[in-house]
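Heads up: the structure comes next, in structure tokens.
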Amino acid sequence: MDELGVMVYGYSRDRAEKIRDSLCDLTGRRVVLFSATGREDEVIEKIIGGQAGGEYADGPDPVLMFLGFSDIEISDAIDSFPSGGPLPRPIFCGLTEDNCSWTFGELLEHLIEERKKFTGK
């Protein structure tokens, strides 16, 4: 597969494009950018099955979903993502057989709960 994808949430267009560009550089492959911002009531499968792009806005709980990345590419991407600085670190996730039929709002709620359990907050 020559093309990868990411679905982002909670990032401005500029920040989302910087993320996409850094992933293109990291993998040496084209990365298609989908946004779930403003689409919290839509099913994930519909968001990523439609046209790339969408609305963009910074938010308190940014998310980055990997689409078509290998385990090694995901690991490299997470390791190379900056900690601190002007680009907030997202909650990372991947597409699964289960979550592809969830609305993005359901996924976001699930990811935030997982993060709370993981961090103890």
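Quick note: the sequence shown uses the working numbering, first residue 21, plus one each step. Glycine included, every Cβ here is placed at the ideal spot set by N, Cα and C.
- Closest option to D22, judged by alpha-carbon separation, among A36, V52, G30 and T116: V52.
- Pairing C44 with T139, the inter-Cα distance amounts to about 30 angstroms.
- Closest in alpha carbon position to R33, among I92, L46, D99 and D78, is D78.
- Residue state for L107 is assigned as coil, using DSSP reduced to three classes.
- Per DSSP, R59 lies in no beta strand (DSSP E) and is assigned neither H nor E.
- I68 is positioned such that its CB atom lies closer than 8 angstroms to that of F54.
- Using a 10 angstroms sphere on the CB of P102, the tally of other CB atoms stays under 16, which defines it as exposed.
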